[in-house]
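Colleague: FYI, our numbering numbers position 64 of the sequence shown as 56, with every residue one higher than the one before it.
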Amino acid sequence: MRRFKTRRNFLKLVGLAGAALVAPPWVTACEDSGDPTGPAGEGSSIRGPVEGYASATSYRPGETAAFHLSADATSIDVDVVRVGAMAARVVESRAVPVDQQVVPNNASQLGCAWPVALRLPIPSTWRSGVYFARFWSGPVTNPLWAATIPFVVKAASRASSMLYQVPVTTYQAYNAWGGSSLYTRDAQGYTHPFASFERPYRDLRQFKQWDLPFIRWMEQAGFTADYCTSIDLHNDPALRLSASGYQLLVSVGHDEYWSWEMRDNVEEFIASGGNVAFFGGNTCWWQIRLEADGRRIVCYKDPQQNVRRDPAWGWGGEGRRRVTTNWSSSPVARPEERMTGLSFRYGAAFFNPRKGPPTDVGFRVGPSDHWAFAGASAADGVVGRGTVGYETDGACLRAKPDGSPAVDEHNIPIVCEDAGDGRVPFWPPDSLMVLATTDPLAWPGRTGRATMALYRNNGLVFNAATMHWARGLPLSDQVRVITRNVLRRLTGGAPPSPALVNLSFEAWASNGPDGWYGASPDELTPQLSQETRRDYVREGGASLRVNAQAAPMWLAQDFSVSGGEYYVVSGWIRSNGPLSDNDGHWLTISLEQVGPGAGGKFATARYTATGGQWQHVRAYGRAEVAGPFSARIVVESSLPDDAWFDGLRVDVL
């Protein structure tokens, strides 16, 4: 293969880098987006006149971007544009010498290994953002004669409280350039297990459909963000989010393919108090591995046809959990809802536009007085029409006989809990609160819902639950208002959860658990004990054992809260044996307003199991008062036998 001759234009590119230039005409054509049609099939073998790829998905100022190019011409032209509120050209050059390169066999999986044609130092004047390098030969207005190569410029040091993550692993999983994607099947019917970044994109439809409109709206609305890619969440030490100083991570559109390292990074960020907003659907559905310094995706999609192809099956122990399959499947057993709050298992999908457009449904709002909907007028109780598709995520909800979601006294849809053994087919975070739902969707190939939701695990996580959320930004004031509310709240406006202690009853004094109070010490001692037998402990090394044989028993702990906020109380309860005629009054965990003018209990989670096993319970409430007020969490038992409490939580949502 021949090397490109690039020295002639190198200094010219460097000299223009950072200049504020008028955006070229091709930017509009580049940003035009067609309608997605679901998973990509076979890639075309037809090559374009100009093709290329970058040596990395992102760079920092001071680093040098390298472009690997092939063209059916002796020279090509190049522009570089930052896309955002306005497209701004930062580099312009002419007559970059090129050669046509050979496409190796299996290039889609193993890469092209083309030589570098052009090197571009990234100056310190460039803002963090998404950039397009556009190379063309022939008429500039003809997009067929051009190659668009996207790359991200990361911040040299944090310049915003918000970090926007571009899901390039998903882009590459669907990229069928060179003949295959992760959805292309071989002669035996197996999907191809590799996708290389060392090749051009066949198209950029996923970025154009979802990320580009969101980024454009976000910046026009006055929100600033630093940018990175999913590869950076995997392997950039400077983007270890829990130590980064960012308050909010944003994921938009179709963020389907995640590595173990990506999840560790984001989940540690949430646990450390960082917030995440998922404005997308089908999020974190497949586990992948990354090889070759993050330049090749590995995803065998096992099991297929009951064959275990992935070598990780033989790694043993924890290594076997790196098998590339759905996150909720064995042997990974790390359901995505533990991070996102929701799952595609309970969502819906529409893959075939030839059968006509999917039914246009909106979200039916649950708690209309929640901060997420403040200012979003919804006279009919429905918001976000036109945003539901083409893949959505959902929660497992308790249904009424007519199929509609059952709701509590605050009009909040009830998340299913299993009264069998404490394990549920949907493993939601303890504090998951469903904000809005769709009616059941009967699209071809899938039946399910979209359920907008929120949960807290130190940090807050919002999930819009639909891939098309960004489509609503230019169309719906409701969508714009909700998005603004989420971005503002999660970049610093969210109050902390109550500072409670000893919620798993690990610390114990002579007369009861530390931090709790109740009846007199003489009455407490015979009725309370610290349980350490393994079968009677749900979390940690101990639980609270209560015996209300002599009299009903209660324990409480005080805290201060803000009026008008929604709170969730949750925890594990177990009874000593099967209960009959249990209507949920014997064993409860409640939130109660106290002090002058107190309004009593505003959230009560009840034990309703009948088999004597552990049950996870939760309840939501909003105290209808203004300003700060005093409250307490109350554990109560009127069961004339032994009962156990463990793993309690109180969160503000």
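In this text, a Cβ means the ideal position worked out from N, Cα and C, and glycines have one as well.
Can you give me the C-alpha to C-alpha distance between LEU640 and PRO570, rounded to a whole angstrom?
Modeller: C-alpha separation (whole angstroms): 23 Å.
Colleague: Measuring straight from C-alpha to C-alpha, what distance separates ASN298 and GLN605?
Modeller: C-alpha separation (whole angstroms): 35 Å.
Colleague: Please name the residue in THR524, VAL586, ARG566 and ALA499 whose C-alpha comes closest to that of SER552.
Modeller: Out of THR524, VAL586, ARG566 and ALA499, VAL586 has the C-alpha closest to the C-alpha of SER552.
Colleague: Rounded C-beta distance between SER188 and GLY103? I'm assuming under 8 Å.
Modeller: Rounded, the Cβ-Cβ distance is 4 Å, consistent with contact.
Colleague: State the Cα-Cα distance for the pair ALA251 and ALA57, rounded to the nearest angstrom.
Modeller: Rather than Ala, the amino acid found at residue 251 in this sequence is Ser. Straight-line Cα distance between these residues: approximately 25 Å.
Colleague: What residues match up with PRO620 in a beta bridge as DSSP calls it?
Modeller: Bridge partners of PRO620: SER554.
Colleague: Select from VAL560, GLU557 and THR602 the residue whose C-alpha is nearest the C-alpha of GLU579.
Modeller: It is worth fixing the name first, because residue 579 is Leu in this sequence and not Glu. Checking every option, the nearest Cα to that of LEU579 belongs to THR602.
Colleague: First and last residue of the beta strand (DSSP E) that includes GLN92?
Modeller: Neither: GLN92 is in no beta strand (DSSP E) and is coded neither H nor E.
Colleague: Within the same chain, show all residues whose beta-carbon is closer than 7 Å to that of GLN164, passing over the 5 residues directly before and after it, in chain order.
Modeller: So the list reads ALA187, PHE189 and ILE289, once near-sequence residues are dropped.
Colleague: Expressed to the nearest angstrom, what Euclidean distance is found between the alpha-carbon atoms of ARG197 and TYR382?
Modeller: Computed Cα separation, rounded: 14 Å.
Colleague: Using C-beta distances below 8 Å, list every residue in its chain close to ALA409, excluding the 5 sequence neighbours before and after it, in chain order.
Modeller: As written in the sequence, residue 409 is Glu, which differs from the Ala given in the question. VAL416, GLN607, HIS608, VAL609 and ARG610.
Colleague: I'd like to confirm the pairing. Which residues does DSSP put opposite CYS220 in its beta bridges?
Modeller: Beta-bridge pairing links CYS220 to GLN157.
Colleague: Taking TYR193 as the reference, which of GLN180, VAL160, CYS220 and GLN212 has the closest Cα?
Modeller: The shortest Cα separation from TYR193 among GLN180, VAL160, CYS220 and GLN212 belongs to VAL160.
Colleague: So what does DSSP say about GLY273, is it helix, strand or coil?
Modeller: DSSP places GLY273 in coil when its eight states are reduced to three.
Colleague: At which residues does the alpha helix (DSSP H) containing PHE206 begin and terminate?
Modeller: First-last of the alpha helix (DSSP H) with PHE206: 204 to 212.
Colleague: Where do the ends of the beta strand (DSSP E) carrying SER521 lie?
Modeller: 520 to 523 is the span of the beta strand (DSSP E), which, as asked, contains SER521.
Colleague: Since PHE143 and THR49 should fall inside the 8 Å C-beta cutoff, what is the C-beta to C-beta distance between them, to a whole number of angstroms?
Modeller: Yes, they are in contact, since the Cβ atoms of PHE143 and THR49 sit about 6 Å apart, within 8 Å.
Colleague: On the criterion of 16 or more Cβ atoms from any shown chain inside 10 Å, does GLU584 qualify as buried, or is it exposed?
Modeller: The residue is buried, with at least 16 neighbouring Cβ atoms inside 10 Å.
Colleague: Does DSSP put MET254 in a helix, in a strand, or in coil?
Modeller: Correct three-state label for MET254: helix.
Colleague: First and last residue of the alpha helix (DSSP H) that includes LEU477?
Modeller: The sequence given here has Asn at residue 477, not Leu. ASN477 -> alpha helix (DSSP H) spans 469 to 480.
Colleague: Give the straight-line distance between the Cα atoms of TYR528 and LEU520, rounded to the nearest whole angstrom.
Modeller: Near 14 Å, if we compare the C-alpha coordinates of LEU520 and TYR528.
Colleague: Once you ignore the five residues that flank GLU498 on each side, which residues in its own chain have a CB closer than 8 Å to its CB?
Modeller: Counting only Cβ-Cβ distances below 8 Å, and skipping sequence neighbours, we find GLY532, GLY533 and ALA534.
Colleague: What is the rounded straight-line gap between the Cα of PRO31 and the Cα of THR275?
Modeller: Note that PRO31 scores 42 on pLDDT, short of 50, meaning its location in the model is unreliable; the coordinates nonetheless yield the value given after this. PRO31 and THR275: Cα-Cα distance of roughly 15 Å.
Colleague: How about SER62 and TRP106: do their beta carbons lie closer than 8 Å?
Modeller: In this structure, TRP106 lies closer than 8 Å to SER62 by Cβ.
Colleague: Flag this pair as yes or no: are the beta carbons of LEU427 and ALA445 separated by less than 8 Å?
Modeller: Their beta carbons are under 8 Å apart, which means LEU427 touches ALA445 by this criterion.
Colleague: Can you tell me which residues form a DSSP beta bridge with GLY245?
Modeller: Answer is GLY272.
Colleague: May I ask whether a heavy atom of the ligand ZN can be found less than 7 Å away from the beta carbon of SER152?
Modeller: Of the ligands one can find in the structure shown there are none, so the ligand ZN has no counterpart to examine.
Colleague: Look up SER236 in the DSSP assignment and say whether it is helix, strand or coil.
Modeller: SER236 falls in the coil class under three-state DSSP.
Colleague: Compute the Euclidean distance between the alpha carbons of GLN180 and ARG330, then round it to the nearest angstrom.
Modeller: If I take the Cα positions, the gap works out to 35 Å.
Colleague: Taking Cβ to Cβ, would you say LEU233 is nearer than 8 Å to LEU241?
Modeller: Going by C-beta atoms, LEU233 is nearer than 8 Å to LEU241.
Colleague: Run through DSSP, which three-state label would GLU409 get?
Modeller: In the structure shown, GLU409 sits in coil (DSSP, three-state: anything other than H, G, I, E or B).
Colleague: For the stretch 320 to 378, list the alpha helix (DSSP H) runs that are entirely contained and at least 4 residues long, ordered along the chain.
Modeller: If we require 4 residues or more, the alpha helix (DSSP H) runs fully inside the stretch 320 to 378 come out as 329 to 332.
Colleague: Using the three-state DSSP reduction, which class does TRP305 fall into: helix, strand or coil?
Modeller: If DSSP states are grouped into helix, strand and coil, TRP305 belongs with the helices.
Colleague: Return the CA-CA distance between THR698 and GLY440, expressed in angstroms with no decimal places.
Modeller: A query on residue 698 cannot be resolved here, the shown segment of the chain reaching from -7 to 645 and no further.
Colleague: DSSP puts SER582 in a beta bridge; with which residues?
Modeller: THR596 and VAL626, per the DSSP bridge assignment.
Colleague: On the DSSP bridge assignment, give the partners of VAL122 in chain order.
Modeller: Note: VAL122 sits in a beta bridge opposite VAL75 and VAL144.
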